[in-house]
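Take a look at the structure below.
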Ligand SMILES: *[C@@H]1O[C@H](CO)[C@@H](O)[C@H](O)[C@H]1NC(C)=O
Ligand SMILES: [Cu+2]
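The following block contains the structure:
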């Protein structure tokens, strides 16, 4: 009896420290310009519209704020286990996987769902053979630093921060996708280069090598899903 009670307790503690949310941008308040969900759980169906800016099982809260970001500057995406977690509680370390960021040009960042084409990747941090992007994110107290490309057009964009946890990804639909969309207004972009774009849903398949992946097989390489990173 005693053993089973402590096992149950251990399981409860470990699931309580799982999951994560991109809660704020550039040191702003939680949910100010970032569509945060009421629950920190993952999306697991890559063909669902919820893979774009979350939703479905994790309803998101609209925000009227659009955050001004200078093209060529760095943006800081803060990840936390829950909307109220401290910097010491980013995500359970079991949730190893890549960390990414995408952007999409929109006419009104407060209204656009993000569903469909127009997305380009601006950053990815996968696996270097030893450490995962998620481990580096935890070391950085949950702050993901990305450069907003200098050469894109000015205007409103959705900035989609994404993290994939691979601890169950050896099973079909076992990868856990965590993502939120920030609403930004890019100023000062030179508009000298137009990124190639992909669609969400569409850019990922459940059988992609970086999505159906055995974390425990001792592999030294990992292919981050989605397109290559756009560079100026
Ligand atoms: C975006 O920035 C431009 C240039 O400063 C400004 O004219 C425009 O009003 C801004 N839009 C929003 C939604 O902040
Ligand atoms: Cu989790």
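Numbering (our numbering), first residue to last: 176 to 407. Yeah, the Cβ is synthetic: ideal placement off N, Cα and C, and Gly gets one too. Just so it is clear, the structure is predicted and the values come from calculations on it, not from any experiment.
For ligand 1, any of its heavy atoms closer than 7 Å to the Cβ of residue 362? Position 187 of the chain shown, counting from 1, holds the residue named residue 362. Yes - ligand 1 has a heavy atom lying nearer than 7 Å to the Cβ of residue 362.
Using DSSP with H/G/I as helix, E/B as strand and the rest coil, what is residue 210? Counting from 1 along the chain shown, the entry for residue 210 is found at position 35. In this structure, residue 210 counts as coil in the three-state DSSP scheme.
In this structure, does DSSP put residue 282 in helix, strand or coil? Residue 282 sits at position 107 when you count from the first residue of the chain shown. Coil.
Near ligand 1: residue 241 beta-carbon under 7 Å from a heavy atom: Sequence index remark: in the chain shown, residue 241 carries index 66 (1-based). Residue 241: yes, Cβ under 7 Å from ligand 1.
On the criterion of 16 or more Cβ atoms from any shown chain inside 10 Å, does residue 185 qualify as buried, or is it exposed? The count along the chain shown starts at 1 and reaches residue 185 at position 10. Since pLDDT at residue 185 reaches only 41, below the 50 mark, its modelled position is unreliable, and the value read off the structure follows with that caveat. Exposed, by the Cβ-count rule.
N- and C-terminal bounds of the alpha helix (DSSP H) containing residue 218: As a first step, residue 218 is located in the chain shown; it is residue number 43 there, counting from the start. From DSSP, residue 218 is part of no alpha helix (DSSP H); its letter is neither H nor E.
My output table needs one value for residue 265: the three-state DSSP class, helix, strand or coil. Looking up residue 265 in the chain shown gives position 90. Here residue 265 sits in coil by DSSP.
Straight-line CA distance for residue 367 to residue 346? Against the chain shown, residue 367 aligns to sequence position 192. Against the chain shown, residue 346 aligns to sequence position 171. If I take the Cα positions, the gap works out to 43 Å.
Using DSSP bridges, identify the partner residues of residue 356. Position 181 of the chain shown holds residue 356. In DSSP, residue 356 forms a bridge with 335.
For ligand 2, which residues count as neighbours when the test is a C-beta closer than 5 Å to any heavy atom? Residues flagged by the Cβ proximity filter: 193 and 194.
Can you tell me the Cβ-Cβ gap for residue 215 and residue 270, rounded? I've got them flagged as a contact below 8 Å. Along the chain shown, one-based indexing puts residue 215 at 40. Along the chain shown, one-based indexing puts residue 270 at 95. That pair is no contact at about 11 Å.
Should residue 222 go down as buried or exposed, given a rule of 16 or more other Cβ atoms within 10 Å for buried? Mapped onto the chain shown, residue 222 falls at position 47. Residue 222 is exposed by the Cβ-count criterion.
What does the alpha-carbon distance come out to for the pair residue 200 and residue 388? The residue given as residue 200 occupies position 25 in the chain shown. The residue given as residue 388 occupies position 213 in the chain shown. Distance between the alpha carbons of residue 200 and residue 388: 30 Å.
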